[in-house]
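Quick notes on the structure that follows.
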Amino acid sequence: MAIRISAPRIRKQIDMTNTRREFLSAVSSAAVLGAVHTQVGASETPARLGPASLAPARLAGAPLAGPFGIALVGLGAQSTRNVGPLLANHPLCRISALVSGDASKAQAYAKAWSIDRSHVYDYESFDRIVADDAIDIVYLAVPTGMHCELAVRAAEAGKHVFCESPMATDSVECRKMIDASSRHSRRLAVASAPLALSSKCFGTIASIDAAQSLRIDQPNSWRLDRALCGGGAVLQAGIDVLRTSRLWAGSDPVWIIAQETKTDARKFASLDESVTWTLGFANGTIAHGAVSLNYKGQGHLRVQGQLASLSSEFPSQSKWSRADQLLAFAGWIQGKPVIPDNRFNPLDAHEALQDVVLAEAIFRSIHERRQVQLG
């Protein structure tokens with residue numbers, strides 16, 4: 000990760016050794032993950048997952064009684080490359096079931112990871128997981144348009160849910176997911192990219208500038224199907240940018256103005272191709288964002304604070320993986336944190352909902368060609 004930090008001259012003296020140490024601690028969240036399972040004590044505070052806890056979980060506070068079982072829903076690259084190989088036989092969390100529309104693919108991975116055929120499902124038989132005691136957590140690694148229905152069905156089956164980001168295609172679906180988890184006393188969390196967390200060493204944040212892009216070359220990609228992806232650049236590349244801006248500003252957003260640029264009207268006929276916005280916060284911080292689905296390049300994050308500034312790649316390159324987040328989620332459910340507080344971004348469903356609400360405000364600003372007031 001390329002990071003450049005600078006501190007301007009200020010009236011009062013600052014201990015820059017401590018400032019740098021604090022900064023590196025804040026942004027190098029992945030540095031401790033290699034030893035996290037053995038070095039974290041029970042006295043440390045669990046990561047802030049906050050309102051998603053809504054009701055007590057079945058195993059909350061209970062001692063570890065063998066590995067938590069995870070059902071992988073969707074066998075794309077995220078599941079088969081970033082989660083499955085790391086958790087196939089992990090002592091805290093292991094893959095115990097598979098759900099896929101491709102029967103041959105599911106059976107192949109079941110054999111590779113020693114999963115009995117009785118724990119392999121398709122989307123039609125998905126509700127049978129209610130009787131599968133080997134499943135504690137359902138991990139939704141499917142297109143965004145499928146999140147809401149499957150999350151609700153999983154909660155109704157008595158399972159905790161961890162889903163990919165964005166949480167859903169709109170705020171209505173997000174609230175349905177949260178309500179279902181609450182009604183059935185299950186936990187719900189949403190994946191987060193390895194974003195750099197803010198630190199008080201920067202002082203008051205004056206401005207934030209972040210950009211992220213993703214180029215889609217395959218014409219049949221689900222990312223170009225609005226029913227499956229729910230939206231274009233803002234949902235697929237912008238959620239992490241919006242979350243980062245909120246983390247660094249440390250304040251409530253109060254207004255936003257956005258504009259879309261479309262260079263390929265055929266390919267992106269129903270999706271936003273490239274979007275820029277300016278977001279204002281109650282404390283005076285201004286955040287600029289730029290996202291695109293038609294450009295492949297390294298994103299950036301630039302933060303100007305009262306005491307110091309930051310220039311970094313975005314998102315940060317780290318070893319913080321989905322497997323690590325699932326381990327953290329399982330530890331949170333059982334009341335036994337597996338990494339220290341503030342070492343990674345909140346996986347809280349309500350935070351993920353706020354990201355989608357902001358995305359909707361961007362769409363409204365583009366459609367109405369005006370600044371949109373928030374809150």
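Take the sequence shown: its position 41, counting from 1, is numbered 40 in numbering that gives the first Met the number 0, and each next residue is one higher. Every residue gets a Cβ at the ideal spot worked out from N, C-alpha and C, and that includes glycine.
{"Item": "Span separating the alpha-carbon of Gln-305 from that of Ser-206", "Value": "10 Å"}
{"Item": "Beta-bridge partners of Val-302, as assigned by DSSP", "Value": "Ile-207, Leu-309"}
{"Item": "8 Å Cβ cutoff met for Ala-348 and Ile-177", "Value": "yes"}
{"Item": "Check whether Trp-254 and Leu-373 have beta carbons under 8 Å apart", "Value": "yes"}
{"Item": "For Phe-161, the residue or residues it bridges with in DSSP", "Value": "Tyr-138, Ala-188"}
{"Item": "Exposure label - His-159; buried when at least 16 CB within 10 Å", "Value": "buried"}
{"Item": "Selected residue, minimal CA-CA separation from Leu-91, among Ser-220, Arg-186, Gln-333", "Value": "Gln-333"}
{"Item": "Segment limits, beta strand (DSSP E) that includes Ala-348", "Value": "Per DSSP, Ala-348 belongs to no beta strand (DSSP E); it is in the alpha helix (DSSP H), 348-367."}
{"Item": "Residues bridged to Pro-252 (per DSSP)", "Value": "Phe-280"}
{"Item": "Nearest-angstrom Cα separation, counted from Arg-174 out to His-183", "Value": "14 Å"}
{"Item": "Close Cβ partners of Tyr-120 (< 6 Å) along its chain, the five nearest in sequence each way excluded", "Value": "Val-98"}
{"Item": "Range covered by the alpha helix (DSSP H) that runs through Arg-225", "Value": "225-228"}
{"Item": "Residue environment, Glu-123, which counts as buried when at least 16 other CB atoms sit within 10 Å", "Value": "exposed"}
{"Item": "Span separating the alpha-carbon of Glu-155 from that of Leu-346", "Value": "21 Å"}
{"Item": "Cβ neighbours of Gly-202 in the same chain (closer than 6 Å, five flanking residues each side left out)", "Value": "Gly-304, Gln-305, Leu-306"}
{"Item": "Alpha-carbon to alpha-carbon, Phe-280 and Asn-81", "Value": "35 Å"}
{"Item": "Delimiting residues of the beta strand (DSSP E) encompassing Ser-95", "Value": "92-98"}
{"Item": "Exposure label - Ser-103; buried when at least 16 CB within 10 Å", "Value": "exposed"}
{"Item": "Enclosing beta strand (DSSP E) for Ser-291 [first to last residue]", "Value": "285-291"}
{"Item": "As assigned by DSSP and simplified to three states, the class of Phe-328", "Value": "helix"}
{"Item": "Counted within 10 angstroms of its Cβ, other Cβ atoms place Pro-218 as buried (16 or more) or exposed", "Value": "exposed"}
{"Item": "Ala-322 - DSSP class collapsed to helix/strand/coil", "Value": "helix"}
{"Item": "Endpoints, alpha helix (DSSP H) assigned at Leu-71", "Value": "Note, Leu-71: premise wrong, no alpha helix (DSSP H); beta strand (DSSP E) at 67-72."}
{"Item": "Endpoints, the alpha helix (DSSP H) within which Glu-172 is located", "Value": "170-182"}
{"Item": "Own chain residues within Cβ distance below 7 Å of Val-189, not counting five before or after", "Value": "Cys-162, Ser-164, Met-166, Leu-346, Ala-348, Ala-351"}
{"Item": "Test item: CB-CB of Gln-211 and Val-240 under 8 Å", "Value": "yes"}
{"Item": "Anticipated Cβ contact below 8 Å, Leu-223 with Ile-215, distance rounded", "Value": "6 Å"}
{"Item": "Three-state class that DSSP yields for Leu-48 in the structure shown", "Value": "Model confidence at Leu-48 stands at a pLDDT of 36, short of 50, so the residue's coordinates are unreliable; what they give is reported in the following sentence. DSSP places Leu-48 in coil when its eight states are reduced to three."}
{"Item": "Alpha helix (DSSP H) segment containing Ser-103, residue limits", "Value": "102-111"}
{"Item": "Anticipated Cβ contact below 8 Å, Thr-275 with Ala-257, distance rounded", "Value": "7 Å"}
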